[in-house]
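Under our numbering, the sequence shown has 358 at position 354, and the numbering climbs by one with no breaks.
Note that beta-carbon positions come from the ideal geometry of N, C-alpha and C, so glycine has one too.
For clarity, every value in this text was computed on a predicted model and none was experimentally measured.
Written below as structure tokens is the structure these notes are about.
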Amino acid sequence: MDVDEAFNKFSTVLSENEIKKLARKYGVEDERERKLLVVPFFWLMLLSAIKSGTRGRLSNMVSFFTATSYLIYPQMPITGLSRMAISKKLSDTNWMFYRGVYNKLLEHYIDLLDLNDIKFLSRFKDCFAVDGSIIRLNKTLENIFKSTCKSQAALKLNVKFSIVNLVATKLQVTEGKRHDNKFRFITKDPNILYLFDLGYWSFKNFKKIVDAKSFFVSRLKKSCDPLIVTVTDQRWSHLVGKRLSQINGALKGMVELDMAVQLSKSEKSPLKNDLRLVGILYEGEWRFYVTNIFDGRFTPCVIYELYSKRWTIEIFFNDIKHVLKLEHIFSKNKNGIMVEIYSALIFYLLVRIIIAIAAKKSGKKITDFSFKKSAENLNAFFVTQLTKLFRGTKSKLIEFFRKVVDATICICLKPPPRATA
5 MDVDEAFNKF
15 STVLSENEIK
25 KLARKYGVED
35 ERERKLLVVP
45 FFWLMLLSAI
55 KSGTRGRLSN
65 MVSFFTATSY
75 LIYPQMPITG
85 LSRMAISKKL
95 SDTNWMFYRG
105 VYNKLLEHYI
115 DLLDLNDIKF
125 LSRFKDCFAV
135 DGSIIRLNKT
145 LENIFKSTCK
155 SQAALKLNVK
165 FSIVNLVATK
175 LQVTEGKRHD
185 NKFRFITKDP
195 NILYLFDLGY
205 WSFKNFKKIV
215 DAKSFFVSRL
225 KKSCDPLIVT
235 VTDQRWSHLV
245 GKRLSQINGA
255 LKGMVELDMA
265 VQLSKSEKSP
275 LKNDLRLVGI
285 LYEGEWRFYV
295 TNIFDGRFTP
305 CVIYELYSKR
315 WTIEIFFNDI
325 KHVLKLEHIF
335 SKNKNGIMVE
345 IYSALIFYLL
355 VRIIIAIAAK
365 KSGKKITDFS
375 FKKSAENLNA
385 FFVTQLTKLF
395 RGTKSKLIEF
405 FRKVVDATIC
415 ICLKPPPRAT
425 A
């Protein structure tokens with residue numbers, strides 16, 4: 005997809021007519037809702053994703069909505085908007101409408117990108133990091149979103165995040181105390197690489213990935229004591245038939261470990277396949293990883309490097325919780341919470357779209373641009389040009405996004421790395 009086609013497609017999805025059409029699909033219509041019409045409310049919720057404030061910032065939103073109402077109704081601006089009106093709108097607006105917008109944008113965004121040039125990832129169809137993050141909620145939600153901490157409410161965001169495309173492709177919102185390994189993130193698609201931490205450690209998950217002819221890398225669980233089946237170096241042949249806990253003395257003087265193992269001691273285990281165990285001595289301590297990648301080009305150091313890419317999802321959580329303020333959820337019902345979450349995700353995706361187009365136009369890499377600066381830049385355009393969004397014909401939006409992209413290229417590049425002596 006070239007730059008002009010990208011402007012056209014994304015502006016079409018976000019045009020006033022398309023937003024209204026999608027809203028009708030999910031039963032979100034402007035019936036007796038003069039104060040908060042669908043399209044302005046959609047854009048104002050996106051804009052609220054980056055506005056600072058504490059968990060009680062509903063009052064700030066009331067003030068902001070009222071102050072901008074003259075742009076929606078030039079002849080008769082809103083003067084009596086209340087906290088209750090926004091809360092009711094959040095409760096009544098089907099959150100799946102926001103998810104529908106996100107999915108439409110996501111489809112075009114993935115078409116826009118070229119395959120990331122991260123070393124060794126081109127071997128796979130896609131690479132996903134899987135992880136979860138906790139967000140504290142209003143205490144009144146304790147019975148809906150149970151937390152691991154007593155007398156608190158919290159939700160857990162489980163996310164399947166594409167490291168190639170730098171975007172969330174699947175999201176699950178559950179109560180905070182729900183275990184991570186109940187998140188269903190594995191598909192039947194072959195040649196996918198999954199990177200996940202110990203919260204998702206499960207022999208059933210390993211088997212599903214192997215059966216789908218896909219791949220994974222996970223840290224070794226401390227309670228797991230794998231049986232050594234074969235070794236890559238005959239100097240280690242005397243280790244075959246022993247368990248990992250029995251070879252500590254044999255590891256002296258070594259900096260890498262590479263062998264095939266059986267994980268389970270139980271005959272009832274669903275996982276019968278041999279897996280690969282690699283170890284790296286890092287700052288005096290062994291780090292062990294389990295994978296089903298047996299390709300010799302993927303040395304222990306490469307496996308370690310692949311797993312380190314999982315850190316990308318931690319950056320994503322930091323961006324949506326702190327840059328986009330999702331840590332400050334103010335809704336007191338599940339539907340409103342989902343609207344807030346998807347408002348932040350759509351804003352995040354719009355920033356990624358802007359960065360991707362800016363990279364194509366400037367010849368830079370998407371990783372050359374600062375997400376924080378790009379988000380602040382998009383927010384500045386939102387605030388100053390709301391009328392173009394509220395009355396968003398495709399031509400107006402194309403003009404709007406062209407200006408945002410040009411500004412992104414000028415002011416949102418990361419500073420060059422410092423030269424080392």
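Rounded to the nearest angstrom, what separates residue i and residue j at their Cα positions?
i      : j      : result
Glu380 : Glu287 : 39 Å
Thr397 : Cys153 : 48 Å
Lys208 : Met49  : 40 Å
Lys217 : Phe394 : 47 Å
Met100 : Tyr30  : 7 Å
Leu40  : Leu390 : 15 Å
Ser91  : Ser335 : 7 Å
Gly257 : Lys269 : 29 Å
Thr371 : Leu417 : 9 Å
Val113 : Asp8   : At residue 113 the sequence reads Tyr, which differs from the Val that was named. Distance between the alpha carbons of Tyr113 and Asp8: 14 Å.
Asp237 : Val294 : 18 Å
Trp47  : Ser19  : 11 Å
Ile358 : Ser378 : 8 Å
Asp320 : Arg239 : Residue 320 is actually Phe in this sequence, not Asp. Cα to Cα, the separation comes out at about 43 Å.
Ile307 : Gly180 : 31 Å
Val387 : Lys325 : 21 Å
Val177 : Lys338 : 10 Å
Val244 : Val265 : 9 Å
Ser126 : Leu310 : 12 Å
Gly136 : Asp184 : 7 Å
Ser399 : Ala10  : 13 Å
Lys24  : Leu275 : 49 Å
Give the secondary structure of residue i by DSSP, where H, G and I count as helix, E and B as strand, and everything else as coil.
i      : result
Ala133 : strand
Lys154 : coil
Glu179 : strand
Ile317 : helix
Asn12  : helix
Gly104 : helix
Tyr113 : helix
Ala216 : coil
Arg127 : helix
Phe149 : coil
Thr236 : coil
Gln266 : strand
Arg28  : helix
Leu417 : strand
Gly60  : In this prediction, Gly60 scores a pLDDT of 40, lower than 50, which makes its location untrustworthy; the coordinate-derived value is nonetheless stated afterwards. In this structure, Gly60 counts as coil in the three-state DSSP scheme.
Phe187 : coil
Leu50  : helix
Thr412 : helix
Asp121 : Reliability of the predicted coordinates at Asp121 is poor, the pLDDT of 49 falling under 50, and no value is obtained from them.
Can you have a look at residue i and say buried or exposed, based on whether 16 or more other CB atoms are within 10 angstroms of its CB?
i      : result
Pro44  : buried
Ala27  : buried
Asp121 : Below a pLDDT of 50, predicted positions are generally treated as unreliable, and Asp121, at 49, falls in that range; no measurement from the model is reported.
Trp315 : exposed
Asn169 : buried
Arg280 : buried
Met88  : exposed
Lys392 : buried
Ala53  : buried
Pro419 : exposed
Thr234 : exposed
Ile415 : exposed
His242 : exposed
Which residues share a DSSP beta bridge with residue i?
i      : result
Trp290 : Leu285
Tyr311 : In DSSP, Tyr311 forms no bridge with anything.
Glu428 : Residue 428 lies beyond the range of the chain shown here (5 to 425); nothing can be said about it.
Lys160 : Ile138, Thr178
Arg223 : Tyr293
Ser166 : Phe132, Val171
Val200 : The residue asked about is misnamed: residue 200 is Phe in this sequence, not Val. Its beta-bridge partners are Val134, Ser222.
Leu279 : Val265
Phe373 : Leu417
Arg247 : Leu231
- prompt: Can we say the region 180-190 touches the region 126-144, given the rule of at least three CB pairs closer than 8 Å?
  reply: yes
message: Whether or not the region 101-113 and the region 143-151 are in contact is what I'm after, with contact meaning three or more pairs of Cβ atoms, one per stretch, closer than 8 Å; do they touch?
response: no
task: May I ask you to verify whether the region 402-411 touches the region 354-366, counting CB pairs closer than 8 Å and requiring at least 3?
output: Segments in contact, yes.
task: Evaluate contact between the region 223-241 and the region 155-174, counting only Cβ atoms and requiring at least three cross-stretch pairs below 8 Å.
output: no
query: Using 8 Å as the threshold, is the region 107-116 in touch with the region 343-362, meaning 3 or more CB pairs across them?
result: Short answer: they touch.
- prompt: Can we say the region 194-202 touches the region 218-225, given the rule of at least three CB pairs closer than 8 Å?
  reply: yes
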